[in-house]
Structures are given as structure tokens and as C-alpha cells.
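Participant: All the letters of the sequence shown, read from the start, carry residue numbers 8 to 182 under my numbering.
Even for Gly, the Cβ is constructed at its ideal location relative to N, Cα and C.
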Amino acid sequence: LALAFSPKPAAPTEMTAVHKTLVCQTPFKCIKTHQVAVPSPGAGQVLVEAHGSAVNPCDVDYVELGFGCAGGGGTLGMDLSGVVAVVGSGVTRLKVGDEVWADTGGVKGVTGSMAQYALVSEAQTGLKPTSLNFTEAGSIPLVGLTALEMLQKTGAPWTNRTKVAVAITSGTGGT
């Protein structure tokens, strides 16, 4: 018995990514695209074909001041939504083809979300809610985690309490 099928092509070996060339101020003429090698996932990592991303205040800090989101250098961007293209060894929860959202933090090098592909930790990657498109999902991870952390620091999930009011007095950027 012979079966004919067309396997999905593997990720390309090169991609376009967004980097900064030096510390600069607006209008950010130091932001450039260039070709870089597509990273390969290591243990516990997935390679995601990027479909959505966002600019956060820490991205701007890195471009203007040299510290912030992409402090380790490499591709800019923290928020990511896309489709898993390749899984590394030890990845058990995600599979190729899964639609995901992620915070790219924690992986050094050419890993940011402002590229055709991003390398992320499986631990910092979740299945994208089906109610969100890639643009919406790509704008939430970092600010969503920030908001969740702040709510947890104030005692959330506030078990055994009703009518809890939360006053947010100094949210900035996407938060």
C-alpha cells in the first residue's frame, strides 16, 4: 500500500527580524530589519511562526536607553501570537500547528517576537484563546502577565469574599 502526501515544509533557514543598530531617540531611525538565521528550539522550547506582536514600554526603553525588554540583544519584541512550527526535545504540552500566544522573555539571543519566527519557552507559551484573532492575542501576553501579577500581589483570587472592588491608580502603556 502506497500513500501519497505532501509534508509541510520545514521552517526556512533565514528570516527577517527587527533589531536596533544603536541607542537612539525618536523617530527611531536606528530600527532596522535584516536577515538572520532562524533559531532552532532547544530542550523545552518551541519555534513559533509569528502572526502578531506589540510594542511595550520596555521595548521603547531598550531602544532609547539600552535596557528593557531585549536587554540580551537580538530581535526586538516580547509579545507574540502565532503557530508552532517546530518543537524542541522535552516539549510535551504543545505540538506543531498549535495556535499560541507567548511572552518571549527568558530566552537569550535572536528570539524576539518582531521577526518571522520566534523561539520561546514552552513554559511561557499557552494555547491562544479561540475568541481572539492573532492581532488581539499578540498584544496581551506581557501586559496581561503584569496585570495578573499585580492582582495576585493584592490577594487575588480573593476567596471567600464578595463584592471586591479594585482601583487601578497608575496603569501605564498596555497595562
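Let me know the beta strand (DSSP E) ranges lying completely inside the stretch 44-98, each 3 residues or longer, listed in chain order.
Facilitator: 52-59 and 86-94
Participant: Please list, in chain order, all residues of the same chain as Val45 whose beta carbon is under 8 Å from its beta carbon, the five residues on each side excluded.
Facilitator: Ala18, Pro19, Thr20, Glu21, Met22, Leu54, Gln123 and Tyr124
Participant: Apart from the five residues on each side of it in sequence, which residues of its chain come closer than 7 Å, Cβ to Cβ, to Pro48?
Facilitator: Leu54, Val93, Val94, Gly95 and Leu126
Participant: CB Asp24 to CB Ile147, shorter than 9 Å?
Facilitator: One detail in the question is off: residue 24 reads as Ala in this sequence, not Asp. For Ala24 and Ile147, no; Cβs fall outside 9 Å.
Participant: Provide the residue span of the alpha helix (DSSP H) that contains Lys160, from first to last.
Facilitator: Looking at the DSSP string, the run of the alpha helix (DSSP H) that includes Lys160 is Pro148 to Lys160.
Participant: Could you work out which residue in Thr166, Glu156, Gly145 and Phe35 is closest to Asp110 when comparing CA atoms only?
Facilitator: Gly145
Participant: In the DSSP assignment, what residue or residues form a beta bridge with Val107?
Facilitator: According to DSSP, Val107 bridges with Gly89 and Leu134.
Participant: What first and last residue would you give for the beta strand (DSSP E) that runs through Glu129?
Facilitator: That residue, Glu129, is in no beta strand (DSSP E); it is neither H nor E in DSSP.
Participant: Taking just the CA atoms, how far does Met157 sit from Gly84?
Facilitator: If you take the alpha carbons of Gly84 and Met157, they lie about 22 Å apart.
Participant: I need the straight-line Cα distance from His26 to Thr99, nearest angstrom please.
Facilitator: 31 Å
Participant: Closest by CA to Ser177, which one among Ala154, Gln159, Leu72 and Lys36?
Facilitator: Ala154
Participant: Leaving out five residues on either side along the sequence, give the residues of the same chain with a beta carbon under 8 Å from the beta carbon of Val173.
Facilitator: Once the five neighbours on either side are set aside, the close Cβ partners of Val173 are Leu158 and Thr161.
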